[in-house]
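Residue numbers (this note's numbering), protein chains in the order written: chain A, 289 to 771; chain B, 289 to 771. Note that beta-carbon positions come from the ideal geometry of N, C-alpha and C, so glycine has one too. Below is one structure, written out as structure tokens; comments come after it.
Protein chains: 2
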Amino acid sequence: MPALRIGIVGAGSAVFSLRIVSDLIKAGAFSGSEVVLMDIDDERLKSVKTLAERLVSELGVNMKFKETKNLDETIKGSDFVINTALVGGHAYLEKVRRIGEKHGYYRGIEAQEFNMVSDYYTMTNFNQLDYFVHIARKVVELSPNAWLLQAANPVFEGTTLITRMVPEVNVVGFCHGYHGVDHIAETLGLEKEKIEWQVAGFNHAIWLNKFLYDGKDGYPLIEKWRDEHSSEWKPRTPFDDYVSPMAFEMLRIYGMMPIGDTVRNSSWRYHRDLETKKKWYGEPWGGADSELGWKWYQESLQKIVELEKLIAKLVQETPPLVKVFTKDGLKKIVGEGAPEEIVEGIAQIIDPDRMSGEQHVPFMMAITGVKPERLVINIPNNGTIKEIPDDVVVEIPAIVDKEGIHPEKIDPPLTPMVIRAYLYPRMTRMELAVRAYMERNIDYIKEILYRDPRTKSDEQVESVLGEILALPENERMRKHYGI
Amino acid sequence: MPALRIGIVGAGSAVFSLRIVSDLIKAGAFSGSEVVLMDIDDERLKSVKTLAERLVSELGVNMKFKETKNLDETIKGSDFVINTALVGGHAYLEKVRRIGEKHGYYRGIEAQEFNMVSDYYTMTNFNQLDYFVHIARKVVELSPNAWLLQAANPVFEGTTLITRMVPEVNVVGFCHGYHGVDHIAETLGLEKEKIEWQVAGFNHAIWLNKFLYDGKDGYPLIEKWRDEHSSEWKPRTPFDDYVSPMAFEMLRIYGMMPIGDTVRNSSWRYHRDLETKKKWYGEPWGGADSELGWKWYQESLQKIVELEKLIAKLVQETPPLVKVFTKDGLKKIVGEGAPEEIVEGIAQIIDPDRMSGEQHVPFMMAITGVKPERLVINIPNNGTIKEIPDDVVVEIPAIVDKEGIHPEKIDPPLTPMVIRAYLYPRMTRMELAVRAYMERNIDYIKEILYRDPRTKSDEQVESVLGEILALPENERMRKHYGI
């Protein structure tokens, strides 16, 4: 039963941090561990610490917490470093999106074919990529044996960049998008235990290569549901696209079901404008990445922050967390309008029978030898997916145990259409973004834009990039690229 | 000294056919051979046969010719079948281009990023791809040990399609684009014998991965010429782009020199309109694939046809070929305005010291054991270029001898930028076009158009494809795709 030291970079998200802490407690294996909470936001950090301490004291668990704004302190002596920080925050991303729209790029220049996820910036959040590399180097310097768990986006570009620039670091990228398989199974009314599945691809670009139900091919069940029920389908939230027309359209073209955020990452044909988005991702939002869907999401984020503040205040006053963190308790605080997902996510924290679904703690349990786990993780390909270069990070299922990470054989393989008509163009954009950073060559970023169907002239590229580079936030970026 | 039977499909091009015949004669190894000339154009076929017979009789060589319109007769009993036919001819290609332009596709829908070559139709010349497969099947049926030399475009899509659909056939794709290396060397004033080079990639997408001069890195010589002379550069013909601003721009971005037609195959950034093309490919034409450059080429083709008729007529009347086929003789016939390349190409036929530069006869010499040759050929990758799937046809240098084809090790490897930012997107379009044919799924062709920056709506794709499919020439295509 190892006592660990775990550093969380970007711990100011109370929900995420408490979910990790709660998973650690439920794992029942890490008594005596210390969690170092790091964030640049004092207030949020303090309330997370208060809540975390309250949680462990109420549950009678031996676990310590430390708050810090210092990265070295977070990393030094840690066994695991989780990076979940978004440098610049959503405010910066929205600023960049607005500049893009001003120059004729609907939904901003980062909205790209096969990467429409609205906070997955691969080109212009230089500070984010730079921080990834900085953390990785710090881990090598201060805790060379530690594992770096890369949870912050862009996981595909970020983990690939880290493995290329800091090859000595033990890094694994995490995303919970593969839970999309469960959503599909739930929709179809299948029993989870009878499903055997695999997914493979890149982060936000994974495909259900294997789907057996009760030992038999489960795809006919998906197709049956599509044929019988999809006409009545309506999304419950902008993110509810698992069985949207878009998902089935991708199945039709590529021959496999897209899983999780992959559904969002189709091509411009399906994202031209709000009307088109609505057609493929459902009414009223047109998916998470339309102007409506993204507004919904940003308001949800805002609600979470407010909720966290409320909870922290409430908890300091009187009732135990086990009273506050129930669905009814939460609804009393935020009113009935609170998104179900958020309420669920918080209520799960004090439910002794449910892990969060995040893979960070299961990974810790597995790699420290407490219990082997099957996880879906992001690591360099090294032959796992055929026809993908070795030094490209892929998202694949693996058995993790104290000997290390053992990728599963991807069987059946991804279809040629998935590999050659979907993953390759996605990979090309990753290469250009990652190489731009590595070679300090902004022309590779321009190259992405030159190939963008919204670009009409060289001047458009120069002016949109020029305005983004001129932002005060991008001083380091300008320096990096010699501008 | 083997006597061969060689079938030429599309032999109505007198220049091509006579070059092959003349190479056969100069090879000095194939006495007693028979060449079967096949074409659908009676008149041209007759004049080619007349010229060919005249050529061998004047040179005192033992070689027989047969003319036919029958494919079986061309293939049966042949050791080599050369396919150089363009089904539908240029007239069909221009018709399709005009329809594309009518629907908002400048230079037609076949003009695609990384494939701007104006007669390299991968989607809409169904009859051409279909004929490729038909010929390959006929070879397997009638002459299973014969070699099929695939000279007709699109060589990349065509040879890949043949190897996938008719895996039993011995097929090799040919293109003379690699001679671009010589053009560069000539421009730089280098001695040919001191150059050591390799090219690798796909047809019309090959890159100078190795360039040594006198045993030392020759790239600095290229860069020196660029720095000192490129400002004075002017193209002599629309095709003269070897050291154009475009070629050096590609060197800058991808880290290697593009060779031959590769220079034409840049992205839309360099092809947006005539002005842009002129900037990168030079005045006055803006490259071979602009409206001006292509007009020049079509007029040249017309001149060749007229020239061939004139020559055939002249020869029947009086003088020996050795008198007609001199530069002066030819200029007397066509006047001073004749393109130098054409005059050169014909004059070479009777020059005893110069092979045509086409690789077909050298391949025959090599594979029949007369003399091993180093050739640049198109065959399935099977590991030759790293990170390219095995079943994709690549253009690479190989030693050919009677044991077979031995690809050279590509060393140094292509740059990651060439592979991942250039070859991959080119390959994706090949996959979609080839799979459309193989799976009888027109949606893959639509997918290419959906991703085309000129496409503004689904309706545009439907209407442009609808109009092309409705052409009387495309009856078989409609049937194939169930339309």
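Item                                                                                                                          : Value
Cβ of A724/B within 9 Å of any chain A Cβ                                                                                     : no
Simplified DSSP assignment, three categories, for R662/B                                                                      : strand
Of the listed residues E632/A, I592/A and E398/A, nearest to D616/A (C-alpha basis)                                           : E632/A
The stretch 454-466 of chain B touching the stretch 719-734 of chain B, judged by at least three CB pairs closer than 8 Å     : no
A317/B - containing beta strand (DSSP E), residue span                                                                        : Counting along the chain, A317/B falls outside any beta strand (DSSP E), and DSSP gives it neither H nor E.
Status (buried if at least 16 other CB within 10 Å, exposed otherwise) for I294/A                                             : buried
Within 9 Å of chain A by C-beta, residues of the stretch 541-553 of chain B in sequence order                                 : I541
Residues of the stretch 669-690 of chain B whose Cβ lies closer than 7 Å to any Cβ of chain A, in chain order                 : E675 and P677
Chain E contacts made by the stretch 644-670 of chain A, where a contact means CB separation under 7 Å                        : Considering every chain present, this structure includes no chain E. Its protein chains are A and B.
Alpha-carbon to alpha-carbon, V324/B and L759/B                                                                               : 32 Å
9 Å Cβ cutoff, L720/A in contact with chain B                                                                                 : yes
Contact set between the stretch 370-402 of chain A and chain B, restricted to residues whose Cβ is under 8 Å from the partner : E401
Local Cβ density within 10 Å of K674/A, reported as buried at 16 or more and exposed below that                               : exposed
beta-carbon Q438/A near the ligand NAP non-hydrogen atom, thresh 8 Å                                                          : The ligand content of the structure shown is nil, which means the ligand NAP is not present either.
Beta-carbon contacts of V649/A that lie in its chain and below 7 Å, excluding the five residues immediately before and after  : I308, D311, L312 and A315
Three-state secondary structure (DSSP) of F368/B                                                                              : strand
Residues that DSSP places opposite V344/B in a beta bridge                                                                    : According to DSSP, V344/B bridges with nothing at all.
Pair within 9 Å by beta-carbon distance, S532/B and Y569/B                                                                    : yes
Pairwise C-alpha distance: P640/A and M653/A                                                                                  : 17 Å
A439/A classed as buried or exposed, judged by whether at least 16 other C-beta atoms fall within 10 angstroms                : buried
Beta-carbon proximity of R560/B to K744/A, cut-off 9 Å                                                                        : yes
Distance, H768/A Cα to N415/A Cα                                                                                              : 10 Å
Spatially closest choice to L500/A from I494/A, I483/A, L509/A and E516/A, by CA coordinates                                  : I483/A
Reduced DSSP category for V612/A - H, G, I as helix; E, B as strand; rest coil                                                : helix
DSSP state of N458/A mapped onto helix, strand, coil                                                                          : strand
Through-space distance from T672/A to T451/B, alpha-carbon basis                                                              : 26 Å
Length of the line joining the Cα atoms of V344/A and V612/A                                                                  : 15 Å
The stretch 541-558 of chain B in contact with the stretch 401-417 of chain B per 3-pair CB rule at 8 Å                       : yes
DSSP state of D502/B mapped onto helix, strand, coil                                                                          : coil
Stretch pair the stretch 710-720 of chain A + the stretch 686-700 of chain A: three plus CB contacts closer than 8 Å          : no
9 Å Cβ cutoff, P442/B in contact with chain A                                                                                 : no
Neighbourhood of Y466/A by C-beta, 7 Å cutoff - its chain only, sequence neighbours within 5 removed                          : V487, I494, I547, G548 and V664
Cβ pair E355/B, V336/B closer than 9 Å                                                                                        : yes
Residue-level contact to chain B via CB, S345/A, 9 Å cutoff                                                                   : no
Neighbourhood of L562/B by C-beta distance below 6 Å, restricted to the same chain and skipping five residues each side       : G574 and S578
Cross-chain neighbours of M715/B in chain A, by beta carbon under 8 Å                                                         : R708 and Y712
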